[in-house]
Every structure is written in structure tokens, then in C-alpha cells.
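In this note's numbering, the protein residues as written are 101 to 378. Have a look at the structure below, then the notes.
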Ligand code: DGL
């Protein structure tokens with residue numbers, strides 16, 4: 101395939117709005133670049149679905165972005181990153197494809213002092229063990245425990261990021277996970293947010309985790325990885341600011357504007373969101 105020119109946008113996708121937390125980091129790292137974000141909101145959640153289904157959805161989302169002329173693809177979804185990267189790279193040879201699991205593992209390994217790392221993610225990501233593999237590759241001997249926290253996805257999409265429901269969910273998911281190493285010589289000192297929706301619940305999560313646990317996510321390290329790959333492929337646009345972002349959603353553009361702005365940390369203009377079918 102012929103790769104589009106350096107002035108083309110960078111494609112980013114997620115099952116819904118979670119990837120907007122990664123897009124925020126990408127925009128701040130590469131303010132001159134244009135971005136095209138696709139949220140597959142009609143088929144969210146990906147985290148409860150089989151690996152085969154998620155890989156199929158990821159290929160369809162990527163097809164839609166590639167058809168619009170992207171120059172690189174950021175899979176801003178841990179669930180899709182853990183099952184679909186080989187298929188995406190095989191389908192689009194020459195297109196830089198950046199996932200979020202390896203950058204998240206890198207952030208965790210950089211942050212831990214004890215080598216005991218707790219990971220929270222969707223059911224699918226935990227089932228596939230992608231973080232375990234990625235962390236142990238970087239840090240052989242690391243102790244990794246994971247917990248699926250699927251309800252966090254619904255809470256984040258609903259905007260219920262603070263309050264009694266979010267607090268109760270954080271308590272019941274995190275207490276048992278963080279208690280795992282309490283009796284051991286070293287306890288978990290890092291908690292990885294292995295789902296791009298989870299940074300929205302940073303309040304309840306950090307209150308339960310307490311001050312001794314560093315919370316990391318993959319947004320900043322993914323942005324650094326994307327910058328490095330684009331630099332290597334000589335595909336950076338060369339501008340230092342003024343980049344634009346357009347959005348595609350597979351359902352409810354009004355809801356995307358309303359809820360998505362919270363995830364992105366910036367207003368999304370209704371005129372910048374297009375409804376598409378995959
Ligand atoms: N935001 C996604 C992730 O990082 C998936 C959430 C979902 O659709 O279940 O895994």
C-alpha cells in the first residue's frame with residue numbers, strides 16, 4: 101500500500117470515548133498534527149466480547165480510517181491492542197500501528213520499585229494476559245496480578261466518575277487486588293490503568309489505592325511511542341502547532357459531544373463529529 105503524505109492525519113480508535121484520554125496526550129505531544137478519531141460507540145463495550153469479535157471490529161474500524169487517508173494508526177484501546185495488532189499490521193503493511201499495552205507496561209516498569217505490579221483492565225484484556233506478558237518481557241521476575249473491572253467502562257461512559265456508585269465499585273474491585281501482596285515482603289507499588297476509560301475514574305481509584313501506590317496509564321508513553329515511530333518513518337508534518345481534530349462515531353453524535361468533551365478535557369464542536377456505519 102502507498103502511505104499517505106506527511107500532512108495526512110493520524111488515525112486513533114477505541115470502542116468508545118476512552119481513547120480520547122490517549123488522544124489528549126497525542127495532541128499535547130504533537131500539537132501540529134491533524135487527528136482523525138473513531139469511537140465505535142454503537143458496539144461498546146469491547147471488553148466483554150470474544151477476542152475474535154474484537155479483532156474483527158478493530159479491522160473494520162481501521163479500514164474506515166485508512167479509507168480516509170491516515171498516515172499512522174494508534175489503537176487507543178487496550179482490549180483491541182491485546183488481540184488485534186498482528187492482524188492490523190498484516191492487513192496494512194507499511195502503516196505504523198501503535199498499540200497501548202506495550203507503552204502501558206513500559207510506564208509500569210519505569211514506576212515500580214518493588215517489582216509488584218497490579219493491573220486493572222477489561223475482562224478481555226485480563227483474560228488474554230497481555231499486560232502480564234508485556235511486563236514480564238521488560239522485567240523478568242516481576243509479580244503481576246490483574247483484575248477485570250468492566251463496570252468502570254459503563255461508569256465512565258455514563259459520566260458517573262465521582263459519587264457513591266463509583267466509590268463502591270472502586271472499593272469492591274481494588275481492595276481484593278491490592279490486598280494480594282499485603283502479606284508479602286514487598287507490596288504492589290504500582291497500579292496500571294489497563295483500559296483507556298479508567299483515567300476518568302482517577303478520583304475513586306486513587307482514594308482506594310492510597311498514597312503508597314503510583315497509578316500509571318499508557319497515554320503519555322503511547323504518545324511518545326507514536327512520535328518516535330512517525331519520526332523514524334519521516335512522517336511528521338513539521339508544524340509546531342495548529343493541528344486539527346475530527347471525530348467519527350458509530351452512534352449518537354450528540355452524546356459523543358457531551359460525554360466525549362469530559363474524556364478529552366476540551367470541548368468537542370458538534371460540527372467536527374460525523375456519524376458513520378462500519
Ligand atoms: N477503552 C477500552 C480499553 O482500553 C475498552 C473498553 C470496552 O469497550 O470495554 O480496553
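Backbone N, C-alpha and C fix where the C-beta goes; we use that ideal spot for every residue, glycine too. Values in this document were obtained by computation on a predicted structure and should not be read as measured data.
- In this structure, residue 113 sits near residue 140, with a CB-CB distance shorter than 8 Å.
- Between the C-alpha atoms of residue 155 and residue 130 there is a straight-line separation of about 28 Å.
- In this structure, DSSP gives residue 247 an extended state, which the three-state scheme calls strand.
- Taking the Cβ of residue 157 as the reference point, every heavy atom of the ligand DGL lies at 7 Å or farther away.
- In the DSSP annotation of this structure, the continuous segment of the beta strand (DSSP E) that includes residue 111 starts and ends at 110–114.
- DSSP places residue 202 within a helical segment (H, G or I) once states are collapsed to three.
- Using a 10 angstroms sphere on the CB of residue 152, the tally of other CB atoms stays under 16, which defines it as exposed.
- In the DSSP secondary-structure assignment, residue 297 is not bridged to any residue.
- For residue 326, the enclosing alpha helix (DSSP H) stretches over residues 319–332.
- Between the alpha carbons of residue 260 and residue 254 lies a distance of about 8 Å.
- Residue 124 carries a helical assignment under DSSP once its states are collapsed to helix, strand and coil.
- Beta-bridge annotation (DSSP): residue 136 is paired with 111, 346.
- Distance between residue 165 and residue 136, taken at the CA atoms: about 8 Å.
- Around the beta carbon of residue 318, 16 or more other beta carbons sit within 10 angstroms, so the residue counts as buried.
- Classified as exposed, residue 272 has fewer than 16 neighbouring CB atoms from the shown chains inside 10 Å of its CB.
- Contact between residue 199 and residue 149 does not hold, since their C-beta atoms are separated by about 18 Å, which reaches or exceeds 8 Å.
- Under the three-pair Cβ rule at 8 Å, the region 290–306 counts as touching the region 201–217.
- Less than 8 Å divides the Cβ of residue 376 from the Cβ of residue 350.
- As the crow flies, the alpha-carbon of residue 227 is around 12 Å from that of residue 220.
- Contiguous alpha helix (DSSP H) elements confined to the region 146–182 occur at 151–167, taking only those with 4 or more residues.
- For the 8 Å CB-CB criterion, residue 340 and residue 132 form a contact.
- Classified as exposed, residue 107 has fewer than 16 neighbouring CB atoms from the shown chains inside 10 Å of its CB.
- Residue state for residue 315 is assigned as strand, using DSSP reduced to three classes.
- If you look at residue 238, you'll find it in the alpha helix (DSSP H) that goes 230–238.
- In this structure, the straight-line span from the alpha carbon of residue 250 to that of residue 334 is close to 39 Å.
- With the rule of 3 Cβ pairs closer than 8 Å, the region 355–370 counts as touching the region 114–121.
- For residue 373, the three-state secondary structure derived from DSSP is strand.
- When only Cα atoms are considered, residue 246 and residue 218 end up about 6 Å apart.
- For residue 308, there is no enclosing beta strand (DSSP E); the residue is part of the alpha helix (DSSP H) that begins and ends at 302–309.
- When distances are taken from the beta-carbon of residue 153 to the heavy atoms of the ligand DGL, even the shortest one reaches 7 Å or more.
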